[in-house]
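**Q** Have a look at this one.
In our numbering, the protein residues as written are 8 to 504.
Now the structure itself:
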């Protein structure tokens, strides 16, 4: 059920709404709108806060009785901590808290978008709050026999400025895109074949100023995409590749996006153990993030040309599956010995990266749920960043930090290349060592970017969450969508060496 967002200039004390959400800072310092509410309650707000021992710390929430003195049926105070330390991501998280508090409310009004410090742009704050509300309200209920979705239908941002509305509109676009990515990744593998994934992408991008081309198996063979074909051979569901092009008038730079789209990963003949396979319906999170981000570029008026490639396969064991020891030939002519069929993501990304490099973009970024090794190194909340160009890597990291999607740089030491040396092919798809698996995966991918500034983001950890965490709920997180949109919106050509 969609939510209708509006801007309202009504006083917080008078606005007619089921739930009024007011921000508060540390040490009982009132946030925007609290003074008007306190006056309407004859000074009762401060007294109630003291009685309830509510100090406005980050994450605190307090329900306040209205005593029928307000237009709102109920009030919720949300703590933000010290005002000078409030960030856009803090407001995003507060928006999610508000949405969860409003689960049974039909309407909600809030002054959260005006609660940032003076150096936080109102549009940025508004966008963050709206994203937080949408993502905090998110529930995946498609397979519930008796779903009980949030009743929230209308959200009013209280205030008056063009920036407030501009941020609201952007927040709706981005939040909706992240929700689409979450839905895709949460879909069981039986119901999301590569072909179904490609059709979903076509539907999403219709009317978004994005040209979509789908390569089926004959097209993959014609384009010599041996990695995608090899991984897809074991499944009854044929592989495909989706190419997307956003080409605004008078663009003077080109950015290439690549996303791993394994709709289900059994490991192939190198079969995963049962407890390692349970969450492998989520192995297309990189491709989902790329496609979702492409859907937002028109709304944001992005001036950069953006091309995207998402290989889509199902990795299954069968009599026709690729075998350990097989050799695959990729788009750029390089060959790889398949030592482990469960290291399939890099095999399909190799073809997609080679296609991206042929287009001669100014920079490339790929997103993939690539290795468990990255989760061992960085945990499940931080993506690993690897790059062949430090200025490009820093640009990506800045974009990720700006939208609250943490990444951390990892090295690409050339001396580790010997670990992917093959006696019978150019390279092998797994390391000869049990250590440094994330690094050798990155070195494998680097072989296909033809020296173009490139960043690899391993999102295996943050692509899904196992519990309630801010604006994330158990299941897919949609990680990467916001980073890609921010990156495309502010893209600068990297300083080539």
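Cβ atoms here follow ideal geometry from the backbone N, Cα and C, with glycine treated the same way.
In terms of residue numbering, what span does the alpha helix (DSSP H) encompassing residue 494 cover?
**A** Where residue 494 is concerned, the enclosing alpha helix (DSSP H) stretches over 488–496.
**Q** Could you pull out every residue in the same chain whose Cβ sits closer than 6 angstroms to the Cβ of residue 25, ignoring the five residues on either side in sequence?
**A** So the list reads 80, 112, 113 and 114, once near-sequence residues are dropped.
**Q** For residue 367, which option in 286, 135 and 315 has the closest C-alpha, if you only look at C-alpha atoms?
**A** Answer by Cα proximity: 315.
**Q** Are the beta-carbon atoms belonging to residue 118 and residue 166 less than 8 angstroms from one another?
**A** Yes. Within cutoff.
**Q** Using the rule of at least 16 other Cβ atoms within 10 Å of the residue's Cβ for burial, across every protein chain shown, is residue 193 buried or exposed?
**A** With 16 or more other Cβ atoms within 10 Å, it is buried.
**Q** For residue 181, does the three-state DSSP call read helix, strand or coil?
**A** If DSSP states are grouped into helix, strand and coil, residue 181 belongs with the helices.
**Q** Look up residue 264 in the DSSP assignment and give the residues it is bridged to.
**A** For residue 264, which the question treats as bridged, DSSP gives the partners 315 and 372.
**Q** Going along the chain, which residues of its own chain have a beta-carbon closer than 8 angstroms to the beta-carbon of residue 64, five neighbours each way excluded?
**A** Correct list, in chain order: 33, 86 and 88.
**Q** Is there contact between the region 275–282 and the region 176–186, where contact requires at least three CB pairs shorter than 8 angstroms?
**A** Result no; under three Cβ-Cβ pairs closer than 8 angstroms.
**Q** For residue 437, I'd like the list of residues in its chain whose CB is within less than 6 angstroms of its CB, leaving aside the five on either flank, ordered along the chain.
**A** Taken in chain order, the residues that qualify are 346, 347 and 350.
**Q** Just list the residues that DSSP pairs residue 393 with in beta bridges.
**A** 463.
**Q** Residue 248 and residue 318: beta carbons closer than 8 angstroms?
**A** Their beta carbons are under 8 angstroms apart, which means residue 248 touches residue 318 by this criterion.
**Q** Are there 16 or more other CB atoms within 10 angstroms of the CB of residue 326, so buried, or fewer, so exposed?
**A** Per the 10 Å Cβ criterion, exposed.
**Q** If I measure Cβ to Cβ from residue 154 and keep anything under 6 angstroms in the same chain, skipping five residues before and after, which residues do I get?
**A** Answer for residue 154: 148, listed in chain order.
**Q** Below 8 angstroms CB to CB, which residues in the same chain sit around residue 60 once its five sequence neighbours on both sides are set aside?
**A** Excluding sequence neighbours, residue 60 sits near nothing in its chain.
**Q** Which residue marks the beginning of the alpha helix (DSSP H) containing residue 144, and which one marks its end?
**A** 129–144 is the extent of the alpha helix (DSSP H) around residue 144.
**Q** Kindly give me the distance between the Cβ atoms of residue 130 and residue 173, rounded to whole angstroms, as I take these residues to be in contact under 8 angstroms.
**A** Residue 130 to residue 173, Cβ: 5 angstroms. Contact.
**Q** Starting from the Cα of residue 188, find the closest Cα among 440, 298 and 380 and give me that residue.
**A** Out of 440, 298 and 380, 298 has the C-alpha closest to the C-alpha of residue 188.
**Q** How about residue 375 and residue 305: are their beta carbons less than 8 angstroms apart?
**A** No, these two residues do not count as a Cβ contact at 8 angstroms.
**Q** Does the beta-carbon distance from residue 434 to residue 451 come in below 8 angstroms?
**A** In contact: residue 434 and residue 451 (Cβ atoms closer than 8 angstroms).
**Q** If you follow the alpha helix (DSSP H) that residue 447 is in, where does it begin and where does it stop?
**A** Note, residue 447: alpha helix (DSSP H), 444–453.
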